[in-house]
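Engineer: One structure is given below, represented as structure tokens, and several questions about it will come after.
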């Protein structure tokens, strides 16, 4: 698995694994597990990480900049555009379910480029 938002935010802050782990009260092994996507933090730890990294939960939980950009774009859309976007996404998911050999929507197979 590639780096998730946790690692990207830590690197952006310039913090070591040890500093970040200490700031939120977990072991470096636990934080590394979150960064590698093997386990997930509790909601309380997500809040603590956001405070330490000075970021939003959206930024922390996103896999990369593309996802953040899409969320920002979506938030600025009119209600009609939001409906169109969701309709298109649900259509693509339906197509993938019926024809998995044509459209591959397996998020666990995506690698973070960074």
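In UniProt numbering, the protein residues as written are 1 to 114.
All C-beta atoms, glycine included, are put in the ideal place defined by N, C-alpha and C.
Whole angstroms are fine: how far does the CA of residue 35 sit from the CA of residue 55?
Structural biologist: 16 Å
Engineer: Compute the Euclidean distance between the alpha carbons of residue 85 and residue 53, then round it to the nearest angstrom.
Structural biologist: 31 Å
Engineer: In whole angstroms, give me the CA-to-CA distance for residue 37 and residue 81.
Structural biologist: The alpha-carbon atoms of residue 37 and residue 81 are separated by roughly 32 Å.
Engineer: Would you identify the three-state DSSP class for residue 36, choosing helix, strand or coil?
Structural biologist: Residue 36 sits in coil when the DSSP states are folded into three classes, being neither helix nor strand.
Engineer: List, from N- to C-terminal side, the alpha helix (DSSP H) runs of 4 residues or more that fit wholly inside the UniProt domain "HTH cro/C1-type" (8-60).
Structural biologist: 17-24, 28-35, 43-53
Engineer: Going straight from the alpha carbon of residue 103 to that of residue 27, what length do you get?
Structural biologist: Only weak support is given to the placement of residue 103: the predicted model assigns it a pLDDT of 48, under 50, and the value that follows is read from those uncertain coordinates. Taking the straight line from one Cα to the other gives about 40 Å.
Engineer: Taking the alpha-carbon positions, what's the residue 14 to residue 47 distance?
Structural biologist: 19 Å
Engineer: Measuring only the C-alpha atoms, how far is residue 25 from residue 44?
Structural biologist: 11 Å
Engineer: Using the three-state DSSP reduction, which class does residue 91 fall into: helix, strand or coil?
Structural biologist: helix
Engineer: Quick check on the burial criterion: 16 or more other C-beta atoms within 10 angstroms. Buried or exposed for residue 77?
Structural biologist: Burial call: exposed.
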